[in-house]
Amino acid sequence: MTVTANGPLPYGSYDVTVVGAGVVGCAIARELARRPSLRVALVEAQDDVGQGTSKANTAILHTGFDAVPGSLEARLVREGSRQLAAYAAESGIAVDPVGALLVAWDEEQLAALPHLAEKAVRNEYGDARLIDRPELYEREPHLGPGALGALHVPGESIICPWTTTLAYATQAVRHGVDLHLNSSVSDVRWRDGTHLLTTSRGTLRTRHLVNAAGLHADTLDRHLGHHDFTITPRRGQLIVFDRLARDLIHHILLPVPTALGKGVLVAPTVYGNLLLGPTAEDLDDKRATGSTAEGLALLREKGARILPALLDEEVTAVYAGLRAATEEDDYRITAHPEQAYIAVGGIRSTGLTASMAIAAHVTELLADTGLDLGPVRDLGPVHMPNLGEAHPRPHQNAQLVAADPEYGTLVCHCERVSRGEIRDALASTVPPRNLDGLRRRTRARAGRCQGFYCGAALRELFERAEA
Amino acid sequence: MTRPEREVDVLVVGAGPAGLAAAARLAVAGVARVEVLDRERQAGGVPRHCHHGGFGTWTHPLTGPAYARLVLAAAMRAGAVVRTGITALDWAGPLALNTVGPQGPETIRAAAVVLATGARERPRAARLVPGTRPNGVYTTGELQQAVHLHGQRIGTRAVVVGAEDVSYAAADTVRAAGVQVVAMVTELDRSQTAIARTHNARLRHRIPLLTDTTVTELLGHGRLSGVRVRHRDGRTVQLACDTVVFTGDFVPDHELARRGRLDLDPGTRGPAVDGALHTSRPGVFAAGSLLHPVESAATATREGVRVAAAVLERLAGAEWPRHTVPLLVEPPLRWIAPNRVAPGDDHPYVLRTSALVNRPVLQVVQDGRLLHKEWLGTVIPNRTLTLTAEWTRLVDVTGGPVRVTLTER
Numbered sequence: 001m002t003v004t005a006n007g008p009l010p011y012g013s014y015d016v017t018v019v020g021a022g023v024v025g026c027a028i029a030r031e032l033a034r035r036p037s038l039r040v041a042l043v044e045a046q047d048d049v050g051q052g053t054s055k056a057n058t059a060i061l062h063t064g065f066d067a068v069p070g071s072l073e074a075r076l077v078r079e080g081s082r083q084l085a086a087y088a089a090e091s092g093i094a095v096d097p098v099g100a101l102l103v104a105w106d107e108e109q110l111a112a113l114p115h116l117a118e119k120a121v122r123n124e125y126g127d128a129r130l131i132d133r134p135e136l137y138e139r140e141p142h143l144g145p146g147a148l149g150a151l152h153v154p155g156e157s158i159i160c161p162w163t164t165t166l167a168y169a170t171q172a173v174r175h176g177v178d179l180h181l182n183s184s185v186s187d188v189r190w191r192d193g194t195h196l197l198t199t200s201r202g203t204l205r206t207r208h209l210v211n212a213a214g215l216h217a218d219t220l221d222r223h224l225g226h227h228d229f230t231i232t233p234r235r236g237q238l239i240v241f242d243r244l245a246r247d248l249i250h251h252i253l254l255p256v257p258t259a260l261g262k263g264v265l266v267a268p269t270v271y272g273n274l275l276l277g278p279t280a281e282d283l284d285d286k287r288a289t290g291s292t293a294e295g296l297a298l299l300r301e302k303g304a305r306i307l308p309a310l311l312d313e314e315v316t317a318v319y320a321g322l323r324a325a326t327e328e329d330d331y332r333i334t335a336h337p338e339q340a341y342i343a344v345g346g347i348r349s350t351g352l353t354a355s356m357a358i359a360a361h362v363t364e365l366l367a368d369t370g371l372d373l374g375p376v377r378d379l380g381p382v383h384m385p386n387l388g389e390a391h392p393r394p395h396q397n398a399q400l401v402a403a404d405p406e407y408g409t410l411v412c413h414c415e416r417v418s419r420g421e422i423r424d425a426l427a428s429t430v431p432p433r434n435l436d437g438l439r440r441r442t443r444a445r446a447g448r449c450q451g452f453y454c455g456a457a458l459r460e461l462f463e464r465a466e467a
Numbered sequence: 468m469t470r471p472e473r474e475v476d477v478l479v480v481g482a483g484p485a486g487l488a489a490a491a492r493l494a495v496a497g498v499a500r501v502e503v504l505d506r507e508r509q510a511g512g513v514p515r516h517c518h519h520g521g522f523g524t525w526t527h528p529l530t531g532p533a534y535a536r537l538v539l540a541a542a543m544r545a546g547a548v549v550r551t552g553i554t555a556l557d558w559a560g561p562l563a564l565n566t567v568g569p570q571g572p573e574t575i576r577a578a579a580v581v582l583a584t585g586a587r588e589r590p591r592a593a594r595l596v597p598g599t600r601p602n603g604v605y606t607t608g609e610l611q612q613a614v615h616l617h618g619q620r621i622g623t624r625a626v627v628v629g630a631e632d633v634s635y636a637a638a639d640t641v642r643a644a645g646v647q648v649v650a651m652v653t654e655l656d657r658s659q660t661a662i663a664r665t666h667n668a669r670l671r672h673r674i675p676l677l678t679d680t681t682v683t684e685l686l687g688h689g690r691l692s693g694v695r696v697r698h699r700d701g702r703t704v705q706l707a708c709d710t711v712v713f714t715g716d717f718v719p720d721h722e723l724a725r726r727g728r729l730d731l732d733p734g735t736r737g738p739a740v741d742g743a744l745h746t747s748r749p750g751v752f753a754a755g756s757l758l759h760p761v762e763s764a765a766t767a768t769r770e771g772v773r774v775a776a777a778v779l780e781r782l783a784g785a786e787w788p789r790h791t792v793p794l795l796v797e798p799p800l801r802w803i804a805p806n807r808v809a810p811g812d813d814h815p816y817v818l819r820t821s822a823l824v825n826r827p828v829l830q831v832v833q834d835g836r837l838l839h840k841e842w843l844g845t846v847i848p849n850r851t852l853t854l855t856a857e858w859t860r861l862v863d864v865t866g867g868p869v870r871v872t873l874t875e876r
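Respectively, the protein sequence lines represent chains A and B.
As numbered in my numbering, residues 1 to 467 make up the first sequence, in order.
As numbered in my numbering, residues 468 to 876 make up the second sequence, in order.
Take a look at the structure:
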């Protein structure tokens, strides 16, 4: 098992290199791991997997009911949704099938609901159903006044995006994929049937190249002489509310998309928080992951209408993610057989849901670019630590605590994370390289106190493991 | 799940000054099975990591850790059982709690429960301070533990947000860690601590105090590189620093109170209690900073003693609930504790103002009837304001809420 974070990259040539260890890149690497004859590298600029767009999304496992019918995105979301649901169940990724309500707040939105229901059918999703005002308020008694009706989409679920990415990466690494972190790709040359990647850790050679560089996919694409798409970072700011707010809603509350934009949602997370967001701001700066006073004020104003009681609850986190928006409304997955190169661009917030189907699609395209995939094998399953509230957490499992008291010793009190879970994460296949990475693997320090009680103790555990 | 059950006479949640003082007093009074739970590995609560003076008494001054040891020793000497590393997860009944610790899960039933779960500072996110999410962002609580309990390195240049007592304690800890305090920043127009302390920081340690100033943005990827601040007059400036400490802005740790559906006071956000520290649930009491985020350790200790008296009455068969009426405050007052009142409640109240008011009149009124009136000196936000309980004998328990107002003369 190879995970590297420093030193020069290996000299030998890989059969396939995937650039970008976000949820999509990790899914592709995992899919390629099923082909034991291939030598595969997964190269990431940052010090952990899922550090870009993948870590800051709305964490929804979509049905694809509202995709553009007939688009690549619609197909991959539909297929990927089923695949990921099954994979999550097998791998211990937290999923909670709470269902969604698209809430109409004015006549225009109400009039749009039947069209959305029809669109869902065209996307092969038949369970969407219009519900009237009384049923809406019966289902969501804390909803603000003035809602007129809703479309109920029972198949929409919430999922843990961090565990998903990590499960893919873990399984890929355990099956022979080399994960190289801290390797920012600054140039690519295609020469004599080999790609030479210039990275911050030296040169890497590969016969086939998959560009899953997310926000930077267009830059990499241009190094290979293509101008197929331009990525405009679209910032989405989100506010996370404390778990004590969880009982305020029972579904994902989605806005009805109109000509004026998509609006914001209020959604539970598998960890038991509530999310409010996102904003949608087109920017130039691919590093602009800061929140703004205007963005937060806008979210609070919208949140006050959707769920007035929410604003009284404690905020545990504010974050901003950058979505990789392109000039078109669909994924941009393009094969360039003459260069043994696949560009995977414009994967928007649905990419988490579609990730496994994107991986299968990209693998087919790789075969089309002349790659001999060789024999297929089934991968040994991974069993990821459960971060969700729908199933017992380690401290709630008496047998586990009896067998190992470290699972009964809580370190992070707000999120109830035990020393045992911290220890396991620090010793895992793809270990965290800082406290944020530890948080995404365990929830430690993700709660209402943000480290007031546990921050120093967690740092102590982390630094002791490093030493 | 197999969950062994056990019974005690009094279960105290939280081994800070309030919980330990209550346990000590109950055990001394002869209650056989008094048990205190704390989720931390060491008992003592917040004073454990307050490595500064100001604890104890005038004649016997102590540091925080020494004070923590003192209250812990008193409880144990009296015969109370103090169990650390045990988390009270949720309620298993009106007077029973589910717990977990290294020995596994348990359900503990009691004749009376005392909640003394304390308070914490609001972190950066809860204050909705915009910007990136770099490393180097602290609350005082985390900072003090990092420096005093774990000897961790902090950074090189720190900005301290706040100018109240706890902010100056944070500045002291920052300096003790060998870190320069670039500035202290407060939205108010003056510091909210003792004049001597303000002068000491500014003149002796040369720490600039930026008044009327708000932190508007955190900067930096990976590590904090600076904070942007804005003065009330619109000027903005960027302070280069790798560490920022958000101080004060305390909120009660009310998770158990909420999970138990106890009535909460909208001002303090802690459980609503009367003068004898009864909550809305028979048999459940509350004490300490959970009720008033926050007062001194000495106040918490006094309250522990006071709640013990009420618990003893309850164990002897006293009625519940007592007849009480709500005690409400009007702006600029933020909260008062206790916040329900019964005739004859005889302990003073603590209050907070959100705005500085020069020499105001404080009035206590029920249904248009003036119960009490007093003239005060300047009242300052983030500082303790007290109100006598002498007027409580005039309260009509069949009347409306009692209101406390603060007006300029």
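Beta carbons: idealized from backbone N, C-alpha and C, even for Gly.
1. Would you mind reading off the limits of the beta strand (DSSP E) that contains R323(A)?
2. So, helix, strand or coil for D368(A), using DSSP?
3. Check I847(B) in the structure and name its three-state DSSP category.
4. Counting only Cβ pairs nearer than 7 Å, list the residues of chain B close to H395(A).
5. Taking 9 Å as the threshold (C-beta atoms), are L181(A) and V173(A) in contact?
6. Residues of chain A with CB under 8 Å from P597(B), in chain order?
7. State the CB to CB distance for the pair A804(B) and V774(B), rounded to an integer number of angstroms; the pair is presumed to be in contact (CB under 8 Å).
8. Would you tell me roughly how many angstroms separate the C-alpha atoms of Q171(A) and S37(A), rounded to the nearest one?
9. If you reduce the DSSP assignment to three classes, tell me which class K55(A) lands in.
10. Over the uninterrupted beta strand (DSSP E) stretch that includes Q399(A), give me the two end residues.
11. Please list, in chain order, the chain B residues whose beta carbon lies closer than 8 Å to that of V315(A).
12. Measure the beta-carbon distance from L487(B) to A510(B) and round it to whole angstroms, keeping in mind my assumption that it falls under 8 Å.
13. Give the interface partners of V401(A) over in chain B, defined as CB-CB distance under 9 Å, in chain order.
14. When DSSP labels each residue in this structure, what does A480(A) get in the three-state scheme?
15. Alpha carbon to alpha carbon, how far is E327(A) from L224(A)?
16. Could you give the residue range of the beta strand (DSSP E) that holds R819(B)?
17. Tell me which residue opens and which closes the alpha helix (DSSP H) that S91(A) is part of.
18. Along chain B, in chain order, which residues have C-beta atoms closer than 8 Å to that of L42(A)?
19. To the nearest angstrom, how far is it from the Cα of V808(B) to the Cα of E135(A)?
20. Could you name the residues that DSSP lists as bridge partners for P255(A)?
21. If the cut is a Cβ gap below 9 Å, which residues of chain B does A67(A) touch?
22. Just to confirm, is the Cβ distance from A167(A) to G92(A) under 9 Å?
23. What residue does the alpha helix (DSSP H) around H180(A) start on, and which one ends it?
24. Could you compute how far the alpha carbon of T198(A) sits from the alpha carbon of L204(A)?
25. Kindly indicate which three-state DSSP category N602(B) falls into: helix, strand or coil?
26. Please specify which runs of the alpha helix (DSSP H), each continuous and at least 4 residues long, are wholly inside the region 706-763 of chain B, giving them in chain order.
27. Report the residue from D378(A), V188(A), V382(A) and R441(A) whose alpha carbon sits nearest the alpha carbon of A89(A).
28. Between the C-alpha atoms of L794(B) and R576(B), what's the straight-line distance to the nearest angstrom?
29. Where are the beta strand (DSSP E) runs, 3 residues long or more, that stay fully inside the region 213-272 of chain A, in chain order?
30. Quick one: complete alpha helix (DSSP H) runs, 4+ long, within the region 335-394 of chain A?
31. Short check: CB of R850(B) to CB of R819(B), under 9 Å?
32. Note down, in chain order, every chain B residue with its Cβ under 9 Å from the Cβ of H391(A).
33. Can you check which of these residues, L365(A), A359(A) and N273(A), is closest to H336(A) by C-alpha distance?
34. With DSSP as the reference, label V24(A) as helix, strand or coil.
35. So K286(A) is in the alpha helix (DSSP H); what residue range does that whole segment cover?
36. For K840(B), which beta-bridge partners are listed by DSSP?
Here's the rundown:
1. Counting along the chain, R323(A) sits inside the beta strand (DSSP E) bounded by residues V315 to A325.
2. In this structure, D368(A) counts as helix in the three-state DSSP scheme.
3. Residue state, collapsed to three classes: coil.
4. Per Cβ cutoff of 7 Å: V567.
5. Note that the C-beta distance between V173(A) and L181(A) is not below 9 Å.
6. Within 8 Å Cβ-Cβ: G290, S291, T292, A293, G295, L296 and V318.
7. Contact between A804(B) and V774(B) is ruled out by a C-beta separation of about 13 Å, above the 8 Å threshold.
8. Cα-Cα distance, rounded: 16 Å.
9. Here DSSP, grouped into helix, strand and coil, assigns K55(A) to helix.
10. According to the DSSP assignment, Q399(A) belongs to no beta strand (DSSP E) but to the alpha helix (DSSP H) extending over A398 to A403.
11. The contacting residues are A592, A593 and L595.
12. Indeed they touch by this definition, with Cβ atoms about 7 Å apart.
13. What V401(A) touches in chain B, judged by beta-carbon distance under 9 Å, is V567, G568, P569, Q570, G571 and P572, going in chain order.
14. It is not possible to answer for residue 480(A), since the shown part of chain A is limited to 1 through 467.
15. CA-CA distance, E327(A) to L224(A), rounds to 20 Å.
16. Run containing R819(B): Y816 to T820, per the beta strand (DSSP E) assignment.
17. Per DSSP, the continuous alpha helix (DSSP H) segment holding S91(A) begins and ends at L72 to S91.
18. Near L42(A) there are no residues of chain B at all, since even the closest Cβ is about 22 Å away, more than 8 Å.
19. The straight-line gap separating the alpha-carbon atoms of V808(B) and E135(A) is approximately 42 Å.
20. Looking at the DSSP assignment, P255(A) forms a beta bridge with V103(A).
21. By Cβ distance, chain B contributes nothing, its closest Cβ being about 31 Å from A67(A), past 9 Å.
22. G92(A) sits close to A167(A), with the two beta carbons spaced by under 9 Å.
23. Taken as a continuous stretch (DSSP letters only), H180(A) belongs to no alpha helix (DSSP H), being part of the beta strand (DSSP E) at D178 to H180.
24. Answer to the nearest angstrom: the Cα atoms are 7 Å apart.
25. Reduced to three states, the DSSP call for N602(B) is strand.
26. Entirely contained in the region 706-763 of chain B, the alpha helix (DSSP H) runs reaching 4 residues are, in chain order, 722-726.
27. The shortest C-alpha separation from A89(A) is found at V382(A).
28. Approximately 32 Å, taken between the alpha carbons.
29. Entirely contained in the region 213-272 of chain A, the beta strand (DSSP E) runs reaching 3 residues are, in chain order, 232-241, 252-255 and 265-268.
30. Here the runs fully enclosed are 351-368.
31. Yes.
32. Per Cβ cutoff of 9 Å: no residues; H391(A) is ~13 Å from chain B at best.
33. Nearest option by C-alpha distance: L365(A).
34. In the three-state DSSP reduction, V24(A) falls in the helix class (H, G or I).
35. DSSP places K286(A) outside any alpha helix (DSSP H), giving it a letter other than H or E.
36. Note: K840(B) sits in a beta bridge opposite Q830(B).
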